[in-house]
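Take the sequence shown: its letters are residues 22 to 417, numbered as in this note's numbering.
We treat Cβ as the ideally placed atom computed from N, Cα and C, and that holds for glycine.
Structure first, then comments.
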Amino acid sequence: MLNEEAILNPRFKTVERLKHIKPSGIRRFFTLANKLPGAINLSVGEPDFCPPRRNLEAGWKAAEEGKTHYAPTNGIPELREALARKALGDYNLDYDPESEILVTSGATEALFLALFGLVDHADEILVPNPGFVLYEPSVRLADGIPISIPLLEKNDFKVSVENVMSLITNKSRAIVLNYPNNPTGAVLSYDETAALAKIAVERDLIVISDEVYERIIYDNSKHYCIAAFPGMRERTLVIGSFSKTYAMTGLRIGYVYGPKELVSNLWLVHQYTVACVNSLSQYVALDALKAPQGVVRDMVLEFDRRRHLVHKRLNGINGFHCALPKGAFYVFPKIKDFDLTSEEFAALLARKARVITVPGSSFGSYGEGYIRISYAAAYEQLEVALDRIEKVVKAL
Ligand SMILES: Cc1ncc(COP(=O)(O)O)c(C=O)c1O
């Protein structure tokens, strides 16, 4: 539509910067869910839980106290101080709340700021493929060149040291890591994280570590924050979010930890894009950090139950090959046996089973042959969805 208008009326030409930017595959399939009556939506990456009432009341109380004005650009001091305590408690990382922590409008803004604040024309940025839909377009928008790091099932979808080494050139500026991983559910061990940290130091790379699923992790696995490894604090931006851990996707609260030299660049972009983050959401987030963390544990236990259900049921359907994810709330089963592209297969599931998933190709070329299913939906809904998928697939 836009392109036709552009041809007829040059005033509406597509700007150069947007020429290679396509709508996100998640959004495309997510929108489909609203158009198909009775569809079960397993495309979206958000917990079906709600934050505890006390968190929300903290926001309401702040409103009553008149805290509805512009907040400080880098976030309310109480939240930054609580985030500093969190980094110290969780990873023994000491960040100055004034200059090394920035509260952002979700991890989405934080990632955008990281790329806009640090990428120069034609800098090469290594991004996982398959990877979260935002990385590649954001690198392009920031005038950088995204370089795919293939995540292969035979390597449990982990970034391999050999691969990274072979992709580094004298134009490489940064590497984006995301563990626990979306879309594959992979998690890195201590040794694997240490090995990547070592390359980053040796090859002088900035690491943008998207750790929004740090708490959603199973089977006694542990999350290792890469900034805590030797030589890493000064070169790492740790990106976090309240969206997943505290089921607050709509409140749009994320944050960045990093050394002052890097965070100051992000701050510059932030002040001219959002000015400050929604003040009331920040009070809700603050309460989430202060409140007992049992709700998070209970939510993860429920995700774990669903994880086993989806994994077991899919592997019981001929043609699906599904690894057991170790973190986040997605499975990424291989669907190559069905002889359809992932786009065709996801469209078939939408049309015939009324179950909305996301084609693996939406996450990059190495996602082809897979689909992503989010199990952040009610157990009973997942059961119905899996029954429907099984019926459709058996009839193929
Ligand atoms: C890996 C990853 N990073 C970042 C985000 C964005 O999160 P937020 O809601 O905090 O913007 C998502 C959301 O799905 C995600 O999966």
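Tell me whether residue i is buried or exposed, calling it buried when 16 or more other Cβ atoms sit within 10 Å of its Cβ.
i, result
"R230", "The displayed chain sequence assigns Ser, not Arg, to residue 230. Buried."
"H291", "buried"
"N176", "exposed"
"H142", "exposed"
"G315", "exposed"
"S187", "exposed"
"L109", "exposed"
"V182", "exposed"
"A248", "buried"
"P251", "exposed"
"A84", "exposed"
"E145", "buried"
"V228", "buried"
"R372", "exposed"
"G381", "buried"
"N191", "exposed"
From residue i to residue j, what distance separates their C-alpha atoms?
i, j, result
"M269", "P72", "7 Å"
"M22", "F50", "Unreliable placement is indicated for M22, whose pLDDT of 47 sits below 50; the coordinate value is still reported in the next sentence. Their backbone Cα atoms lie some 19 Å apart in a straight line."
"E389", "R75", "43 Å"
"S386", "P204", "13 Å"
"P44", "E365", "17 Å"
"A135", "G337", "42 Å"
"P93", "G127", "16 Å"
"M15", "G275", "Given that the chain is displayed from residue 22 to residue 417, the structure contains no residue 15 and the question cannot be resolved."
"L258", "S210", "20 Å"
"E445", "E323", "In the structure as shown, the chain begins at 22 and stops at 417. Residue 445 is therefore absent and cannot be evaluated."
"D111", "F350", "21 Å"
"T89", "P167", "39 Å"
"R318", "D360", "40 Å"
"T214", "F33", "47 Å"
"L287", "E255", "15 Å"
"M253", "I220", "10 Å"
"I394", "K82", "38 Å"
"G87", "I97", "14 Å"
"V65", "V36", "29 Å"
"E78", "R273", "17 Å"
Anyone know if the C-beta pair for residue i and residue j falls short of 9 Å?
i, j, result
"P354", "I392", "yes"
"V124", "V298", "yes"
"R328", "Y239", "yes"
"L307", "E67", "no"
"A41", "R161", "The amino acid occupying residue 41 in the given sequence is His; Ala does not appear at that position. A contact, by the Cβ cut-off of 9 Å."
"E304", "K265", "Per the sequence shown, residue 304 should be read as Tyr rather than Glu. For Y304 and K265, no; Cβs fall outside 9 Å."
"L370", "T378", "yes"
"D69", "A399", "yes"
"L172", "V185", "no"
"G261", "E232", "yes"
"P151", "F133", "no"
"L217", "I189", "no"
"L301", "G80", "yes"
"T294", "E130", "yes"
"L114", "C246", "yes"
What residues in its chain sit with their C-beta under 7 Å from that of residue i, if we drop five residues either side in the sequence?
i, result
"E121", "Y278, G279, P280, K281, V284"
"L403", "R327, L330, V331, Y396"
"Y91", "A296, C297"
"A406", "I61, L63, V376"
"K107", "L310"
"A105", "Y116, P118, I122"
"R38", "L162"
"K415", "none"
"D325", "Y239"
Within a Cβ cutoff of 6 Å, which residues of the same chain sit near residue i, ignoring the five residues on either side of it in sequence?
i, result
"Y156", "V148, V197"
"F137", "A163, V290"
"A344", "none"
"A374", "R409, I410, V413"
"L335", "F341, C343, P354"
"G165", "V140, D144, I146"
"L417", "none"
"D358", "G340"
So does residue i have its beta carbon nearer than 8 Å to some heavy atom of ligand 1?
i, result
"Y267", "no"
"R273", "yes"
"A128", "yes"
"E67", "yes"
"F353", "no"
"V233", "yes"
"L123", "no"
"L147", "no"
"L155", "yes"
"F448", "Nothing about residue 448 can be read from this structure; the chain reaches only from 22 to 417."
"A338", "In the sequence on display, residue 338 carries Ile and not Ala. No - ligand 1 has no heavy atom lying nearer than 8 Å to the Cβ of I338."
Going along the chain, which residues of its own chain have a beta-carbon closer than 8 Å to the beta-carbon of residue i, five neighbours each way excluded?
i, result
"V208", "Y200, P201, N202, I238, S242, H244, K347, G348"
"R236", "H244, K265, T266, V317, V321"
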